[in-house]
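The sequence shown begins at 1 in the UniProt record's numbering and counts up by one.
Remarks on the structure that follows.
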Amino acid sequence: MSKSSTVSRGLAIAAVCVLGLVVGLGLAWWQWERYSSAGGTFQNLGYVLQWPLFGLFPLFMVRRMRRLRRQAAEQRTETEPTGGTAVPLKQRRTDAPTTASARSVARAGPADDELAAYNRYLAELNARDREGN
């Protein structure tokens, strides 16, 4: 992604966040006017409290997505090899089991012999079921 598209994307996200907050505050003000009028109800007061939260939601989501991206990047850098040339992920994981039951059997330690036997049994049942279909 180029720097100009990143900047324009960031500005668009900021504009949506500001617009959401302005609209939410405007609707809260409108509901406050309705609540303070003669026909106002407690439902209008509830909306007065609710609309600003709706207006802040885009900002919350942007912060949450950035935090999750940062955590994912940190996890990737922790699992990446540090020296030599980078090896594609598919080449690094060729020795990994491919099915969920095989992964659980591979993860089972000596104390989990009963669990490993049960997982092998489930893997056999799965193989038989696939042969039958």
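C-beta atoms are modelled at their ideal positions from N, C-alpha and C, and glycine is treated no differently.
Inset, instruction - Please state whether DSSP places N6 in a helix, a strand or coil. - result: For the sequence presented, residue 6 should be read as Thr rather than Asn. The answer is helix: DSSP assigns T6 an H, G or I state.
Inset, instruction - Could you have a look at S36 and say whether DSSP puts it in helix, strand or coil? - result: Of the three classes helix, strand and coil, the one that applies to S36 here is helix, per DSSP.
Legend entry - DSSP three-state assignment for N133, whether helix, strand or coil: In this structure, N133 counts as coil in the three-state DSSP scheme.
Inset, instruction - To the nearest angstrom, report how far apart Y121 and R70 are at their CA atoms. - result: Computed Cα separation, rounded: 40 Å.
Inset, instruction - Measure the C-alpha to C-alpha separation of V22 and F42 and round it to an integer number of angstroms. - result: So the alpha carbons of these two residues sit roughly 23 Å apart.
Legend entry - DSSP three-state assignment for T79, whether helix, strand or coil: Helix at T79.
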